[in-house]
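Q:
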Amino acid sequence: CRMLALACLDMISELEAVSTLCDFVAMRGYLKHMLDSLGKSSEALCGILQPVPDHLRPLYVYESRMAFLTRMANTGRALGVLSNMRVYDLQPDLKASELKRNEPPTFLPAIDERFRAILLPALALCDAIVNSLGSRNNSAALQVLNFLFAHIDMVEAMLRTATPFMDLGHLQQLAAITNLFARTNTHEVTALEDSLDDSMTSKFLLTTMINDVTPLTGKMDSKKLTAVMHTILNQLKGSIGYYLSQKSIADNLLQQRASLPNISFGPNGKQSYLDLSQRHNEKRSELMQAVFIAEQNLYLLWIHLDFYLRNAVVYANENRNAINESLLDNGNGNVSVLNASQDEILQLKQLLISTFNETFCTQLITASEDYATKCRGFNASLLRRIKALVQFAPVTANGDNSTFIS
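Residues -17 to -1, 1 to 389 in mature numbering (1 follows the signal peptide of the UniProt record, and there is no 0) are what the sequence shown lists, from first letter to last.
Structure representation (structure tokens):
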């Protein structure tokens, strides 16, 4: 009966009377009743995700409700209900689902398909609300973001395990999530007030976008940030090493193609030319991807290094009045915003000096000039900034931030 009633409402909404129907449903209390019923269906939907559920009736009713709410899509109150529903946190293990995707289909849908049937209508409702109210509507954007952050474990698991080789259902789920983040990113950059307190403390405040580096307490872990930079360095050296190993193969293919006789004589010459051209194009695509990875890692290295060397400086005790005291450890006279010792900073600088020697820099610049996807001078500019940071980074209590090049 409930599905039939919702189907009737859905049919009425198709008669170009959506606004009238919305007013009627809201004024008569049907909308509130529908949202209350949706919130109470959370436990029943959780039962759907059991290995062998009793029945799928709650799923069908849920899909009908969400279809009608999506068609209305002029209120964000539904998202508040969805944020409190536990069922969206019960995402099945994605890796296990990938291993089972080649199994023959059965009458009962797999658990990951049932979860997707629950999640995708909710994401579609979020998208419909953004469409209805506009991507610049702050209220709509905040409601959608509140829903996503209320189920951040599910979102994070999806983003962390995403690969291009996932099945189509998982890719659709990933596309819907990333689409919502992109469309609701309406935060405006505002200038800080020109006051002494703000100007002193803003240097040491990090946004929640880099919580992986900075815990919420405000005290940062230098070892974790150093490990991140080690990983980036290894990726950078690996991509350039792969480029050098494959560049000779690509050049050899070009030489082989150039040494072929006139292709107008016989089909064998034409086929050989086409085969060598295809192999060269594939190898060229690999080289472009290797250079692209190197570009991204070089940029990430500069960003992390700029932050690290600007904030890992050891300050003398007399300078503490210019720093937010809550970010500093009590104790000895010399403290570090990142709790990094002078030896750690020196070791990092020595590692960077040994990595960015003349040979490696020449190889990186040559690869960028041949296969760069950005401006050809972009990597050279980043290299100059990295060298300047390493060269002028202060590591003693008398260090001065003014020597940094921004």
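We treat Cβ as the ideally placed atom computed from N, Cα and C, and that holds for glycine.
It should be emphasised that the depicted structure is a prediction, and the values quoted were computed from it without experimental measurement.
1. How about residue 336 and residue 281: are their beta carbons less than 9 Å apart?
2. Reducing DSSP to helix, strand and coil, say where residue 349 ends up.
3. Would you report the Cα separation of residue 154 and residue 148, rounded to the nearest angstrom?
4. If we ignore side chains and look at the alpha-carbon of each, how far apart do residue 287 and residue 210 end up?
5. Provide the residue span of the alpha helix (DSSP H) that contains residue 143, from first to last.
6. Is the segment 6 to 24 touching the segment 37 to 51 in the sense that three or more CB pairs, one from each, lie closer than 8 Å?
7. Quick check on the DSSP output: the alpha helix (DSSP H) that includes residue 161 runs from which residue to which?
8. Residue 333 lies in the alpha helix (DSSP H); which residues open and close that run?
9. Touch check for the segment 104 to 121 and the segment 137 to 145: three-plus C-beta pairs under 8 Å?
10. Do the segment 266 to 281 and the segment 230 to 242 meet, that is, are 3 or more Cβ pairs less than 8 Å apart?
11. Hey, would you say residue 101 sits closer than 9 Å to residue 62, going by beta carbons?
12. Tell me which residue opens and which closes the alpha helix (DSSP H) that residue 38 is part of.
13. Between the Cα of residue 91 and the Cα atoms of 36, 333, 66, 107, which residue gives the shortest distance?
14. Which of the three DSSP states, helix, strand or coil, is assigned to residue 214?
15. With burial defined as no fewer than 16 other Cβ atoms inside 10 Å of the residue's Cβ, what is the status of residue -10: buried or exposed?
16. Could you tell me the distance, in whole angstroms, from the CA atom of residue 122 to the CA atom of residue 216?
17. Under the assumption that residue 29 contacts residue 65 (Cβ atoms under 8 Å), give the Cβ distance between them as a whole number of angstroms.
18. What residue range does the alpha helix (DSSP H) around residue 374 cover?
19. Here's a check: name, in chain order, each residue in its chain whose Cβ is nearer than 7 Å to the Cβ of residue 350, leaving out the five neighbours to either side.
20. Could you give the residue range of the alpha helix (DSSP H) that holds residue 148?
21. Take the Cβ of residue -13 as the centre, count every other Cβ of all protein chains shown within 10 Å, and call the residue buried at 16 or more, exposed below.
22. Can you tell me which of the three DSSP states residue 75 falls into?
23. For residue 132, does the count of other Cβ atoms within 10 angstroms reach 16, so buried, or fall short, so exposed?
24. Can you give me the start and stop residues for the alpha helix (DSSP H) that residue 106 sits inside?
25. Please state whether the Cβ-Cβ distance between residue 372 and residue 362 is less than 9 Å.
26. Helix or strand or just coil, what does DSSP make of residue 91?
27. Using beta-carbon positions only, say whether residue 126 and residue 112 come within less than 9 Å of one another.
28. Mind checking which residues open and close the alpha helix (DSSP H) that includes residue 27?
29. Can you give me the Cβ contacts of residue 160 inside the same chain, cut-off strictly under 8 Å, excluding the 5 residues immediately before and after it?
30. Please list, in chain order, all residues of the same chain as residue 17 whose beta carbon is under 7 Å from its beta carbon, the five residues on each side excluded.
31. With distances taken Cα to Cα, identify the nearest neighbour of residue 263 among 340, 243, 239.
32. For residue 98, count neighbouring Cβ atoms within 10 angstroms of its own Cβ and tell me buried if that reaches 16, exposed if not.
A: This is what the structure holds:
1. no
2. helix
3. 9 Å
4. 11 Å
5. 135 to 143
6. yes
7. 151 to 166
8. 325 to 338
9. no
10. yes
11. no
12. That residue, residue 38, is in no alpha helix (DSSP H); it is neither H nor E in DSSP.
13. 36
14. helix
15. exposed
16. 42 Å
17. About 14 Å separates the two Cβ atoms, so there is no contact after all.
18. 361 to 375
19. 223, 226, 274, 277
20. Residue 148 -> no alpha helix (DSSP H), and no H or E assigned at all.
21. exposed
22. coil
23. exposed
24. 94 to 116
25. no
26. coil
27. yes
28. 25 to 31
29. 106, 131, 138, 141, 142
30. 48
31. 239
32. buried
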